[in-house]
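Residue numbers (this note's numbering): 71 to 247.
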């Protein structure tokens, strides 16, 4: 009996070490994240019509760049708040821009079904690289950046915004721009 409990204990320790190694290996920062000396947001991605767009296509005082996907539950939960914010703060100078990480057909269907009023771009593989570049090395979404018109990142948010956290982040971004 005593020998069996030692074997179970040893197996548990070996399993924990193996799991720790695996997690460490997959959460190691990517080479893109290590070279974050230029954290300015400059990109050109296709919109839903296939036209290349960059942030300067939409003049704004502050941009809220939101990485998301239709299959992501927290992303879907956050969309109504982003829609409301895009409408309420547009006159103030806020431009919400979505960067979708899924196929064009699924994104287009979702955008139309939910009446998303702000621009949505197709991130594809480049969108995943952008996540790593701006500190989201695991590629977890939703991930949002508040950005100046010159591309300087003011703040980032990993995970779903609440009404309070989004309102506070936008207020801070307008003060710091």
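Every residue, glycine too, gets a C-beta built ideally from N, C-alpha and C.
Own chain residues within Cβ distance below 7 Å of residue i, not counting five before or after
i           : result
residue 210 : 228
residue 243 : 132, 216, 224 and 225
residue 151 : 231, 233 and 236
residue 180 : 140
residue 178 : 118
residue 206 : 213 and 228
residue 94  : The pLDDT assigned to residue 94 is 35, lower than 50, so where the model puts this residue is not dependable, and the model offers no usable value.
Endpoints, the beta strand (DSSP E) within which residue i is located
i           : result
residue 137 : 132-138
residue 170 : 164-170
residue 192 : 190-192
residue 214 : 213-217
Check whether residue i and residue j have beta carbons under 7 Å apart
i           : j           : result
residue 230 : residue 144 : yes
residue 156 : residue 167 : no
residue 130 : residue 163 : yes
Spatial neighbours of residue i in its chain, beta-carbon cut-off 8 Å, leaving aside the 5 residues before and after
i           : result
residue 223 : 109, 110, 111, 204, 215, 216 and 217
residue 123 : 114, 115, 116, 117, 189 and 191
residue 193 : 115, 137, 169, 170, 171 and 200
residue 149 : 138, 184 and 186
residue 176 : 140 and 141
Cβ neighbours of residue i in the same chain (closer than 6 Å, five flanking residues each side left out)
i           : result
residue 146 : none
residue 238 : none
residue 125 : 133
residue 107 : Note that residue 107 has pLDDT 39, beneath the 50 cutoff, so the model's placement of it is unreliable and the number below is only indicative. Within the same chain, residue 107 has no close Cβ partners at all.
Selection from the options that minimises the alpha carbon distance to residue i
i           : options               : result
residue 198 : 128, 129, 136 and 124 : 136
residue 139 : 120, 173, 246 and 241 : 173
residue 19  : 213, 188, 141 and 245 : This structure cannot speak to residue 19, because the chain is shown only from 71 to 247.
residue 221 : 184, 247 and 212      : 247
residue 160 : 128, 212 and 196      : 128
Limits of the alpha helix (DSSP H) - the one that residue i falls within
i           : result
residue 229 : Counting along the chain, residue 229 falls outside any alpha helix (DSSP H), and DSSP gives it neither H nor E.
residue 177 : 174-183
residue 236 : 233-246
residue 151 : 143-159
Cβ separation of residue i and residue j, assumed to be a contact under 8 Å, to the nearest whole Å
i           : j           : result
residue 186 : residue 240 : With 8 Å as the limit, residue 186 and residue 240 do not qualify as a contact, their Cβ atoms being about 18 Å apart.
Interface flag, residue i vs chain B, CB-CB below 7 Å
i           : result
residue 237 : This model lacks chain B altogether, as it is built from one protein chain only.
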